[in-house]
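Colleague: Quick one: the structure is below, and I'll ask about it shortly.
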Amino acid sequence: FHPHLSWSIDNKKIVFSKYRRGQYGSMLWDVKIYNTESKKAEWITDNMRATYPVWLNEEEIIFIAHQNSTANIYKINLTTKEKTQLTDFSGDVSVVTPALSPDRKSLIFAMAPESGNTDLYLLNLINNSIERLTQHPAVDYLPVWEPNGKRIAYTSHSSSTPNVHVLELENNSTHQITDVGDAVWTH
32 FHPHLSWSID NKKIVFSKYR RGQYGSMLWD VKIYNTESKK AEWITDNMRA TYPVWLNEEE
92 IIFIAHQNST ANIYKINLTT KEKTQLTDFS GDVSVVTPAL SPDRKSLIFA MAPESGNTDL
152 YLLNLINNSI ERLTQHPAVD YLPVWEPNGK RIAYTSHSSS TPNVHVLELE NNSTHQITDV
212 GDAVWTH
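So the sequence shown is residues 32 to 218, counted in the numbering used here.
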């Protein structure tokens with residue numbers, strides 16, 4: 032199992048990624064839903080190298096899928112099974128640790144484009160615009176929304192050791208809130 036999973040809004044289903052055999056026999060991640068009432072599970076992706084599923088609402092799930100070293104963000108409608116690609120990244124791009132905003136209108140995620148610098152980005156789920164939120168040479172990832180949606184806690188390696196930082200969305204300012212020599216992570 033992939034460590035990232037998400038409960039449905041009604042708390043009756045869990046969506047997660049699990050290894051399984053792909054089309055050509057290799058092991059890859061795909062997304063599966065488990066219904067806690069019926070005790071049944073259903074695959075919702077097939078050969079997509081899909082991870083990090085997040086419930087958008089009762090009918091839609093957002094996830095990250097990889098093709099030829101390129102990660103992109105997708106949405107699937109559970110009724111129609113229609114998949115919609117929300118981003119159009121190309122090249123050697125890694126996308127990890129997405130988190131849905133409390134109002135369910137934005138998705139924050141960590142991305143390492145071809146330059147290799149992992150920073151936080153915000154995807155507006157209404158118009159699909161993307162904004163880069165952090166720009167430090169060190170890794171920034173594992174975002175966690177404040178319940179009111181005004182701030183985001185995240186892990187940054189900017190002080191050489193992973194520590195928790197807070198990003199104020201109103202003015203895009205950041206500050207470190209822990210100073211742990213042995214490292215500490217959000218999430």
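Yeah, the Cβ is synthetic: ideal placement off N, Cα and C, and Gly gets one too.
Whole-angstrom Cβ separation of A96 and A72, contact assumed at under 8 Å?
Modeller: Actually they do not touch by this definition, with Cβ atoms about 19 Å apart.
Colleague: Can you round the beta-carbon distance between D119 and A141 to whole angstroms, since I take them to be within the 8 Å contact cut?
Modeller: So it is not a contact: roughly 18 Å between Cβ atoms.
Colleague: In three-state terms, what does DSSP make of R80?
Modeller: Coil, per DSSP.
Colleague: Taking the runs of the alpha helix (DSSP H) that are 4 residues or longer, which of them lie wholly in the segment 72 to 154?
Modeller: Segments of the alpha helix (DSSP H) lying fully in the segment 72 to 154: there are none.
Colleague: Would the beta-carbon of L200 fall within 9 Å of that of L164?
Modeller: In contact: L200 and L164 (Cβ atoms closer than 9 Å).
Colleague: Straight-line CA distance for S121 to N158?
Modeller: Rounded to whole angstroms, S121 to N158 spans 20 Å at the Cα level.
Colleague: From this set, P193, N203, N202, L198, which residue's C-alpha is nearest T257's C-alpha?
Modeller: Since the first residue of the chain shown is 32 and the last is 218, residue 257 is not available in this structure.
Colleague: Here's the rule I'm using: 16 or more other beta-carbon atoms within 10 Å means buried, otherwise exposed. How should W74 be labelled?
Modeller: Exposed: under 16 other Cβ atoms inside 10 Å.
Colleague: Assign D61 to one of two classes, buried (16 or more other C-beta atoms within 10 Å of its C-beta) or exposed (fewer than that).
Modeller: It counts as buried.
Colleague: Any idea what DSSP makes of P193, helix, strand or coil?
Modeller: Here P193 sits in coil by DSSP.
Colleague: Can you name, in chain order, every residue of its own chain whose Cβ lies under 6 Å from the Cβ of A102, other than the five neighbours on each side?
Modeller: For A102, where only same-chain residues beyond five positions count, the Cβ hits under 6 Å are I95, V124, S125, V126.
Colleague: So what does DSSP say about L59, is it helix, strand or coil?
Modeller: DSSP places L59 in strand when its eight states are reduced to three.
Colleague: Output needed for V46: all residues of its chain with C-beta closer than 6 Å, excluding positions within five of it in sequence on either side, in chain order.
Modeller: Only S37, I64, P84, I92 meet the Cβ criterion.
Colleague: Quick one: is P129 buried, meaning 16 or more other Cβ sit within 10 Å of its Cβ, or exposed?
Modeller: Looking at its Cβ environment, which holds 16 or more other Cβ atoms inside 10 Å, P129 is buried.
Colleague: On the CB-based measure, 16 or more other CB atoms within 10 Å of its CB, does I40 come out buried or exposed?
Modeller: With fewer than 16 Cβ atoms within 10 Å of its Cβ, I40 is classed as exposed.
Colleague: Spatial neighbours of A184 within its chain, please: CB distance less than 6 Å, with the 5 preceding and 5 following residues excluded, ordered by chain position.
Modeller: The residues are V175, V195, V197, T217.
Colleague: I'd like the span of the beta strand (DSSP E) that includes E162, first residue to last.
Modeller: Here the beta strand (DSSP E) through E162 covers 161 to 163.
Colleague: So does S204 have its beta carbon nearer than 8 Å to some heavy atom of the ligand PLP?
Modeller: Absence of the ligand PLP is noted for the structure shown, with no ligands found whatsoever.
Colleague: Let me make sure I understand the geometry here. Which of S100, Q116, M79, N202 has the alpha-carbon closest to that of Y55?
Modeller: The option with the nearest alpha carbon to Y55 is M79.
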